[in-house]
Amino acid sequence: MAMAAGIDGISFYSSQYFVDLRKLADARGVDPAKYAEGLGQLSMGVVPPDEDVITLGASAAAPLVSRYQADEFDIVMFATESGVDESKAGAIYIRHLLGLSRECRVVELKQACYSSTVGLQLALSYVRAHPNRKVLLVASDIARYGLGTPGEPTQGCGAVAMVVSMQPRVLVVDSPSGYYTEDVMDFWRPCYSNEAFVDGKFSAKLYLATLEHTWNAYVRKSGLKFEDHDRFCYHLPFSRMAEKAHARLAAGVGSIVNGANRSGEDPPGLSVDPRIADGLIYNRVTGNSYSASLYLGLTSLLDNSREDLGGKRIGFFSYGSGCSAEFYSGTVSTGYRSQLFVEEHHQHLQRRTELSVIDYEKMFQFRLPTDGGNYPTPNYRTGRFRFAGLVNHKRIYGEAEATAARVSPHVGINGAAAAISGQELRTHDR
Ligand code: CAA
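The letter at position 179 of the sequence shown is residue 191 when you use the numbering used here, and the numbering goes up by one with no holes.
If you want it as C-alpha cells, here you go:
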C-alpha cells in the first residue's frame, strides 16, 4: 500500500484588532449591504504596529509545534507576499522564535496567494522521499489596498501553520493536481509600494477562468467528478468570490468552457451551498489573508463542521494573482478532530478588540522611520510574539511579555517610546 502524505496538524492566528465593515461602510458613504452581501464580509482583521507577518506566523505555529519535538522538522517554509526583507527569509525568524532546531532548512516562498499551495506540494514531495521527517509550512499575509479604495473592504490579515508528514492525522493529499500559469497583471505590488495595485474586476475574471483551466486538468488526470467531492475550499479574497466559483463548478465547468457563462454574470439561484458554508466562517471576520486564506478556509471547515468529515473528500482551489492556480483534493483522516484547535481559534476571534474607523486609519498609516535609528514600536495587544522595533535597520522580535516590558504600555501609535536595546531576539531555543 502506498504511504500517505498530508497535513498532520493545522492552526491559525489573525490579529487582536478588527474593524466592523458596517462602520467602515458608513464612514465611506457606502450601503453596508454591499460589503455584507455583495462581498460577503462582516469585519476585517487589522494589525497593530507591533505585529507583522512574522509575529502572525509564529503565533499561528506556536501551539502546533509544541506538540512535536524541536528537531523533527527538516524544513521551515514561509509563504508570504507581505515579506519584511528582500533577502532574509522570514522562516529564519520563525524557526528562532519557535525554538526549533538549528539543524533545519529554511526558505521563503512567493507567488501571491498561491505560494502556500506550491509550498504544500513541495513539502509533500519532500516527506514522501524522507518518510520519518516533517516540514513546517507557515503561510502569513496582511492584505493592504489603501484607505478609501475599492479594495479596502477586502483587506484583512492572518496566518496558518501546517505540519506536513507521512502520518497525516488531519488530511491525506491523495490526488493529482491540475495547475496553470499565465503572465498577467491583475494584482501586483512593486518593491517600492506598501500597498497592492489591482485591477479588481479583471482579477475576479481570471480567478474564475483559472478555476476552469485547473479543474479541467484535475478531472483529466484524476478521473474524479464534481460529485466525488463532499466539500470544497476555495481561495478567499472575500467570501462571495468563493460562492461564485463554487456555483460555476456546480453548474458544470462544461458550460463555462462552452462560453455560456463567460460574461462574468452569476448563474441563477446563487446561494451558500452547505459544501462550502463552514469553510467561509473565519474568512468573513478576518478578511483576506492572501497565501493563508485557502488554508484558513480548511481550518474553518474542519473546526466548524458538525458532521464528522473523516473519510470525506475535499476539493481545493488555490489562486495567486499574476497568475498561478491549482486544483487538487484530499481525504480527511479518521479521528482528525482530536488534532484541531477549535476552542483556541474560537476564543481568539471572540476576544479581538474592535477599532473605530479613525483608529484603524491611524494604525494603517503607522510607519517606523527607516533612517537606521533605534525605534521601538508602541505596545499593543498581540499574540505570543511581538515585533519590538528597529535597531540599526534590524528587526527585533521576541516574546510579547518580554519585549512589551521594555516600552511603556500603550504609548499610542503616534507616540515615541523608550529606546530599545535589544540586539537579539528574546527566545527560547529548545
Ligand atoms: N447591496 C448588495 N450588494 C451590492 C450592493 C448593495 N447595496 N452594492 C453593490 N453590491 C454588490 C455588487 O453587485 C457586486 O456583486 P456582483 O459582483 O455579484 O455583481 C459586489 O457587491 C461588489 O460590488 P462592485 O463590483 O461594484 O464593487 P467594487 O467595484 O467597489 O469592488 C472588488 C469589488 C473589485 C472585489 C474590489 O473590492 C477589489 O478590487 N478587491 C481586491 C481584488 C480582489 O479581491 N480580487 C479577487 C480575485 S483576485 C484574488 O483572488 C487574489 C487576491 O487575493 C487578491
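Even for Gly, the Cβ is constructed at its ideal location relative to N, Cα and C.
The Cβ atoms of leucine 148 and valine 65 do not sit closer than 7 Å to each other. Counting other Cβ atoms within 10 Å of its Cβ, threonine 394 reaches 16 or more and is therefore classed as buried.
The beta carbons of leucine 361 and leucine 314 sit no closer together than 7 Å. Distances taken from the Cβ of threonine 365 to the heavy atoms of the ligand CAA include none shorter than 6 Å. For asparagine 316, there is no enclosing beta strand (DSSP E); the residue is part of the alpha helix (DSSP H) that begins and ends at 305-316.
In this structure, alanine 45 has its CB closer than 6 Å to one or more heavy atoms of the ligand CAA. In this structure, tyrosine 348 lies near valine 182, with their beta-carbon atoms less than 7 Å apart. Approximately 4 Å separates the beta-carbon atoms of glycine 401 and proline 388; this is inside 8 Å, confirming the contact. For phenylalanine 209, the shortest C-beta to heavy atom distance toward the ligand CAA is 6 Å or greater.
At least one heavy atom of the ligand CAA lies less than 6 Å from the C-beta of glutamate 49.
Cβ neighbours of histidine 357 within its own chain (closer than 6 Å, five residues either side excluded): Asp315. Looking only at Ser303, Ala37 and Ser312, the smallest Cα-Cα distance to phenylalanine 244 is reached by Ser312.
It is roughly 11 Å from the alpha-carbon of tyrosine 157 to the alpha-carbon of asparagine 300.
Here the alpha carbon of leucine 218 sits roughly 8 Å from the alpha carbon of aspartate 198.
Residue environment: glycine 384 is assigned as exposed (fewer than 16 neighbouring CB atoms within 10 Å of its CB, all protein chains considered).
Counting along the chain, the unbroken alpha helix (DSSP H) around tyrosine 219 starts and ends at 212-234. Beta-carbon to beta-carbon, alanine 37 and tyrosine 47 are separated by about 5 Å, close enough to satisfy the 8 Å threshold. With a cut-off of 6 Å, the C-beta of phenylalanine 339 is classified as distant from the ligand CAA, since no heavy atom of the ligand falls inside that distance. Using a cutoff of 6 Å, the CB of alanine 216 counts as near the ligand CAA, since one of the ligand's heavy atoms is closer than that.
If the five residues before and after lysine 324 are omitted, its C-beta is found closer than 8 Å to the C-beta atoms of Asp242, Arg243, Thr343 and Val344, all from its own chain and listed in chain order. Excluding its 5 nearest sequence neighbours in each direction, aspartate 211 has C-beta neighbours in its own chain below 8 Å: Met197, Asp198 and Phe199, listed in chain order. With a cut-off of 6 Å, the C-beta of cysteine 125 is classified as near the ligand CAA, since at least one heavy atom of the ligand falls inside that distance.
Under a 10 Å Cβ-count criterion, isoleucine 288 is classified as buried, with 16 or more other Cβ atoms of the shown protein chains found around its own Cβ. Exclusion of the five residues before and after valine 77 leaves Leu110 as the residues of its chain whose Cβ lies within less than 6 Å of its Cβ.
Where asparagine 295 is concerned, the enclosing alpha helix (DSSP H) starts and stops at 286-298. Non-local C-beta neighbours of glutamate 84 in its own chain, meaning closer than 6 Å and more than five positions away in sequence, comprise Lys146, ordered along the chain. Shown here, tyrosine 138 sits in a helix according to DSSP, grouped into three states. In this model, aspartate 320 and serine 350 are separated by some 12 Å (Cα to Cα).
Its Cα nearest to that of isoleucine 19, the residue Ser128 stands out among Ser128, Ser94 and Ala45. Scanning Leu136, Pro165 and Asp153 for the CA closest to the CA of alanine 72 turns up Asp153. Straight through space, the alpha carbons of aspartate 97 and alanine 91 are spaced by roughly 13 Å. Proline 75: not part of any beta strand (DSSP E); member of the alpha helix (DSSP H) spanning 65-77, first to last residue. With fewer than 16 neighbouring CB atoms inside 10 Å of its own CB, valine 354 falls in the exposed class. Counting only the Cα atoms, alanine 263 lies some 15 Å from valine 231. Of the candidates Val369, Asn386 and Pro390, the residue whose Cα lies closest to the Cα of phenylalanine 378 is Pro390. As a beta-bridge residue in DSSP terms, methionine 89 pairs with Val119 and Leu149.
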